[in-house]
Amino acid sequence: MPDDILELADRLWRGEITSSEYHPVAHRRGLAEVRDGVAFLPSFGNVSAFATEDGLVLVDTGSSFVAAAVHDELRRWSGQRLNTAVYSHGHIDHTSGMPVWEAESAERGWPAPVVVAHEALPRRFDRYLLTTGYNEVINQRQFGARGLRWPTEYRYPDSTYSGELRLDVGGAAFRLRHEKGETDDHTVTWLAGRKVLCCGDLFIWASPNAGNPQKVQRYPREWAGALRRMAGLGAEYLLPGHGLPVVGADRIRQALGDTAEFLEALVDQTLEVMNRGGRLDDAIHSVRPPVGLEARPYLRPVYDEPEFIVRNIWRLYGGWWDGNPATLKPAPERALAAARAAQGHVGRARRLVLDPAAAARREAVLRVPVQSTSLGPALAAAAALVKTAEDEAKTVTEQLDEPEREAMRQAFGEGATGKGVAKAMRGMAGAMKDLEDRQKSRATRVKRDTLDGALLDLAAYYRDVLMVQLGVDIELANADHVADLRKLADRLLEATSPLAIRAQPRWRRSARPSP
Ligand SMILES: [Zn+2]
307 MPDDILELAD RLWRGEITSS EYHPVAHRRG LAEVRDGVAF LPSFGNVSAF ATEDGLVLVD
367 TGSSFVAAAV HDELRRWSGQ RLNTAVYSHG HIDHTSGMPV WEAESAERGW PAPVVVAHEA
427 LPRRFDRYLL TTGYNEVINQ RQFGARGLRW PTEYRYPDST YSGELRLDVG GAAFRLRHEK
487 GETDDHTVTW LAGRKVLCCG DLFIWASPNA GNPQKVQRYP REWAGALRRM AGLGAEYLLP
547 GHGLPVVGAD RIRQALGDTA EFLEALVDQT LEVMNRGGRL DDAIHSVRPP VGLEARPYLR
607 PVYDEPEFIV RNIWRLYGGW WDGNPATLKP APERALAAAR AAQGHVGRAR RLVLDPAAAA
667 RREAVLRVPV QSTSLGPALA AAAALVKTAE DEAKTVTEQL DEPEREAMRQ AFGEGATGKG
727 VAKAMRGMAG AMKDLEDRQK SRATRVKRDT LDGALLDLAA YYRDVLMVQL GVDIELANAD
787 HVADLRKLAD RLLEATSPLA IRAQPRWRRS ARPSP
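Okay, here's the thing in structure tokens:
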């Protein structure tokens with residue numbers, strides 16, 4: 307159904323469907339013959355195929371999990387052997403499809419296909435080998451895929467180039483050009499004879515992935531330069547690494563030009579803040595894409611977003627520090643959480659960090675609101691609270707009581723003999739009684755203090771719940787329990803009478819695009 311994909315692309319361009327409905331990193335099937343001898347397979351990532359007199363040339367090969375489907379689809383379009391594959395860059399969703407083609411060539415006795423890429427690409431694979439665990443963790447998180455395994459084997463290119471390369475295959479002349487942008491190893495492939503341009507991930511039907519919070523450095527300024535160069539080629543078919551083709555010279559010029567302008571604006575504004583001595587915080591909250599551009603169907607922040615790009619620009623030109631003295635050598639997060647939880651009480655904050663029992667008691671207290679679903683559990687929780695206070699009082703007083711009594715005995719000379727000892731012993735009995743009375747009232751005080759602390763913890767907790775319900779954007783005292791806070795905020799809202807304001811918590815409405 308070749309026309310469907312191009313028709314979809316047209317509707318996307320016109321804004322009749324949005325990039326949220328047709329997300330650029332969603333996996334799709336099918337094949338579009340965009341013009342004679344040129345096929346486009348929307349996948350994760352996209353694969354573009356060119357028929358030549360000496361076999362197929364692919365630009366990108368997709369992820370390993372789509373490789374077989376992509377191969378089958380392409381085989382319905384052409385029976386030619388694979389001659390050459392060009393990697394647009396080294397991300398694994400573009401470079402993991404080779405094994406299925408190589409197995410086929412070996413089986414049929416065809417010459418083995420050749421892989422061509424920019425010279426920086428093998429270093430990327432080397433880096434992936436150094437950071438397998440990290441990449442597994444962040445990609446599981448980013449794509450919500452717990453089972454995701456990061457590869458430990460890579461199909462390295464057979465030949466690499468620097469700068470530019472003219473690649474002649476079966477009468478077709480491909481011009482490969484190195485560009486920096488999303489990565490440092492991008493290859494733009496231009497087939498002037500058929501006016502087809504493969505741009506890799508330099509254009510993906512979304513706000514450029516130039517700020518991705520968990521990934522290595524991006525190069526927004528060089529990226530804009532690459533887009534401007536591509537816009538000047540006069541391409542009539544733009545085949546991106548994600549999203550759908552753009553057909554028509556005017557549309558291509560506009561899409562590439564707008565994306566360049568978008569990036570240039572972010573770079574210029576961020577540099578302006580840096581050069582006048584501003585802080586990262588200023589840049590994040592003041593730098594904006596040009597009015598109107600963010601609303602373009604192909605620049606909506608559905609994968610990355612301008613704020614993240616600003617951070618990336620800052621990291622590229624200025625390092626990681628935001629210029630705020632408080633963040634240069636921050637306390638451990640655990641200590642900051644304790645300080646917040648202690649509501650400014652330094653002694654209590656210190657105890658929460660240094661004394662695991664104190665931290666455990668706080669946890670027990672904070673379970674009370676979550677568990678108090680009706681009167682029964684509430685009473686049980688209250689009883690547990692009192693027991694906790696008694697335990698704490700006991701722990702504190704036991705450490706003090708006996709040493710004090712021992713000191714008293716020694717002061718009165720217990721165990722000594724001789725003149726006056728009996729009299730002293732009678733005096734000691736009175737003093738000891740006095741001491742024990744004081745110890746008893748101290749124990750009561752500690753118990754009350756502990757209960758008091760627990761009630762303060764609870765008050766702060768319910769204040770947090772209220773803040774969440776109202777959608778007020780302030781620092782929560784119990785930010786380390788935010789999931790529970792939200793659950794309780796929801797439950798209490800549902801339980802309130804119909805007269806109560808049915809406020810929709812703001813955290814629910816602000817659905818952030820995933821990076
Ligand atoms: Zn990609």
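Those letters in the sequence shown? Residues 307 to 821, per this note's numbering, in order.
Backbone N, C-alpha and C define an ideal beta-carbon position, used for all residues, glycine too.
All figures in this text were calculated on a predicted structure; none of them were measured in a lab.
Next on the checklist: Using a strict less-than 6 Å threshold between each residue's beta carbon and the heavy atoms of ligand 1, what residues do you get?
Outcome noted: Near ligand 1, meaning a beta-carbon closer than 6 Å to one of its heavy atoms, we find Gly351, His397, Asp399, His400, Asp507, Gly547, His548.
Item to check | Continuous alpha helix (DSSP H) assignments of at least 4 residues falling wholly in the stretch 617 to 665 | outcome: 631 to 634, 639 to 647, 652 to 660
Next on the checklist: Using only the alpha-carbon positions, how far apart do tyrosine 328 and glycine 549 sit?
Outcome noted: Taking the first residue of the sequence shown as position 1, residue 328 is located at position 22. Taking the first residue of the sequence shown as position 1, residue 549 is located at position 243. So the two alpha carbons sit approximately 8 Å from each other.
Checklist entry - In terms of DSSP beta bridges, what is serine 465 paired with? => result Here the question's residue 465 lines up with position 159 in the sequence shown. Answer is Val422.
Item to check | glutamine 386 in three-state terms, based on DSSP | outcome: Here the question's residue 386 lines up with position 80 in the sequence shown. If DSSP states are grouped into helix, strand and coil, glutamine 386 belongs with coil.
Item to check | Beta-ladder partner(s) of arginine 483, from DSSP | outcome: As a first step, residue 483 must be located in the sequence shown, where it is residue number 177. Per DSSP, Glu470, Val494.
Item to check | Range covered by the beta strand (DSSP E) that runs through glutamate 742 | outcome: Locating residue 742 in the sequence shown gives position 436, counting from the first residue. Glutamate 742: not part of any beta strand (DSSP E); member of the alpha helix (DSSP H) spanning 727 to 776, first to last residue.
Checklist entry - Which partner residues of valine 270 appear in the DSSP bridge assignment? => result One cannot answer for residue 270 here, as it falls past the ends of the chain, which runs 307 to 821.
Checklist entry - Going straight from the alpha carbon of phenylalanine 509 to that of asparagine 630, what length do you get? => result As a first step, residue 509 must be located in the sequence shown, where it is residue number 203. As a first step, residue 630 must be located in the sequence shown, where it is residue number 324. In this model, phenylalanine 509 and asparagine 630 are separated by some 35 Å (Cα to Cα).
Checklist entry - Taking the alpha-carbon positions, what's the glycine 473 to arginine 461 distance? => result Sequence index remark: in the sequence shown, residue 473 carries index 167 (1-based). Sequence index remark: in the sequence shown, residue 461 carries index 155 (1-based). Here residue 473 turns out to be leucine, not glycine, going by the sequence shown. Using only the alpha carbons, I get a separation of about 20 Å.
Item to check | Option nearest leucine 782 by Cα separation, candidates Arg769, Lys793, Leu794 | outcome: Here residue 782 corresponds to residue number 476 of the sequence shown, with the count starting at 1. Per the Cα distances, Arg769.
Item to check | Best match in Glu611, Pro612, Arg602, Arg582 for proximity to glycine 624 [C-alpha to C-alpha] | outcome: Within the sequence shown, numbered from 1, the residue matching residue 624 stands at position 318. The candidate whose alpha carbon is nearest that of glycine 624 is Arg582.
Checklist entry - DSSP three-state call for alanine 722: helix, strand or coil? => result Taking the first residue of the sequence shown as 1, we reach residue 722 at position 416. In this structure, alanine 722 counts as coil in the three-state DSSP scheme.
Next on the checklist: Report the start-end ranges of each beta strand (DSSP E) in the stretch 386 to 459 that is 3 residues or longer and not cut off at the edges.
Outcome noted: 388 to 392, 420 to 424
Checklist entry - Roughly how far, in whole angstroms, is the beta-carbon of serine 402 from the beta-carbon of serine 369, given that I think they are within contact range, below 8 Å? => result Counted from its first residue, the sequence shown places residue 402 at position 96. Counted from its first residue, the sequence shown places residue 369 at position 63. Their Cβ separation, rounded to whole angstroms, is 5 Å, which keeps serine 402 and serine 369 in contact under 8 Å.
Checklist entry - If you run the structure through DSSP and keep just helix, strand and coil, what is threonine 324? => result Position 18 of the sequence shown holds residue 324. Coil at threonine 324, not helix or strand.
Next on the checklist: Please classify tyrosine 440 as buried or exposed, where buried requires at least 16 neighbouring CB atoms within 10 angstroms.
Outcome noted: Along the sequence shown, read from residue 1 onward, the residue named residue 440 stands at position 134. The residue is exposed, with fewer than 16 neighbouring Cβ atoms inside 10 Å.
Checklist entry - When the distance is taken between beta carbons, is proline 419 closer than 8 Å to alanine 375? => result By one-based count along the sequence shown, residue 375 stands at place 69. By one-based count along the sequence shown, residue 419 stands at place 113. The answer is no: Cβ separation not under 8 Å.
Checklist entry - When we look at the beta-carbon of arginine 320 and count the other beta-carbons within 10 Å, is it buried (16 or more) or exposed? => result As a working note, residue 320 is residue 14 in the sequence shown. By the neighbour-count rule (16 or more Cβ atoms within 10 Å), arginine 320 is not buried but exposed.
Checklist entry - Once you ignore the five residues that flank cysteine 504 on each side, which residues in its own chain have a CB closer than 6 Å to its CB? => result Locating residue 504 in the sequence shown gives position 198, where the first residue counts as 1. Taken in chain order, the residues that qualify are Ser354, Val365, Thr495, Leu545.
Checklist entry - Is it buried or exposed for tryptophan 620, if we count other Cβ within 10 angstroms and need 16 for buried? => result Working through the sequence shown from its first residue, we reach residue 620 at position 314. Result: buried.
Checklist entry - On the premise that alanine 532 lies in contact with glycine 487, defined as a C-beta separation below 8 Å, what is that separation, rounded to the nearest angstrom? => result Along the sequence shown, read from residue 1 onward, the residue named residue 487 stands at position 181. Along the sequence shown, read from residue 1 onward, the residue named residue 532 stands at position 226. Yes, glycine 487 and alanine 532 are in contact; Cβ-Cβ is about 5 Å, under 8 Å.
Item to check | Under 8 Å between C-beta atoms of leucine 427 and tryptophan 383 | outcome: As a first step, residue 427 must be located in the sequence shown, where it is residue number 121. As a first step, residue 383 must be located in the sequence shown, where it is residue number 77. For leucine 427 and tryptophan 383, no; Cβs fall outside 8 Å.
Item to check | Where leucine 347 falls: helix, strand or coil (DSSP) | outcome: For the purposes of this step, residue 347 is identified with residue 41 of the sequence shown, where counting begins at 1. Three-state result, leucine 347: strand.
Checklist entry - Considering only residues of the same chain and omitting the five flanking positions on each side of glycine 361, which have a CB-CB separation below 7 Å? => result Numbered from its first residue, the sequence shown carries residue 361 at position 55. Hits under 7 Å: Gln386, Arg387, Leu388, Asn389, Gly476.
Checklist entry - Exposed or buried, which one is tryptophan 627 when buried takes at least 16 other CB atoms within 10 Å? => result By one-based count along the sequence shown, residue 627 stands at place 321. Flag for tryptophan 627 reads exposed.
Checklist entry - Is there contact between the stretch 749 to 768 and the stretch 688 to 699, where contact requires at least three CB pairs shorter than 8 Å? => result yes
Next on the checklist: Can you tell me which residues form a DSSP beta bridge with arginine 341?
Outcome noted: On the sequence shown, position 35 is the one that residue 341 refers to. Looking at the DSSP assignment, arginine 341 forms a beta bridge with Val344.
Item to check | The alpha helix (DSSP H) enclosing glycine 554, as first and last residue numbers | outcome: Position 248 of the sequence shown, counting from 1, holds the residue named residue 554. No alpha helix (DSSP H) holds glycine 554; DSSP gives it neither H nor E.
Item to check | Beta-carbon spacing of phenylalanine 718, glycine 733 below 8 Å | outcome: In the sequence shown, the residue the question calls residue 718 occupies position 412. In the sequence shown, the residue the question calls residue 733 occupies position 427. The answer is yes: Cβ separation under 8 Å.
Next on the checklist: Going by DSSP, what residue range makes up the alpha helix (DSSP H) through proline 683?
Outcome noted: As a position in the sequence shown, residue 683 is number 377, starting the count at 1. Segment 681 to 717, the alpha helix (DSSP H) holding proline 683.
Next on the checklist: I need the DSSP call for glycine 563, collapsed to helix, strand or coil.
Outcome noted: Counted from its first residue, the sequence shown places residue 563 at position 257. In this structure, glycine 563 counts as helix in the three-state DSSP scheme.
Item to check | Cβ neighbours of tryptophan 456 in the same chain (closer than 6 Å, five flanking residues each side left out) | outcome: Within the sequence shown, numbered from 1, the residue matching residue 456 stands at position 150. The answer, listed in chain order, is Thr438, Asn441, Glu442.
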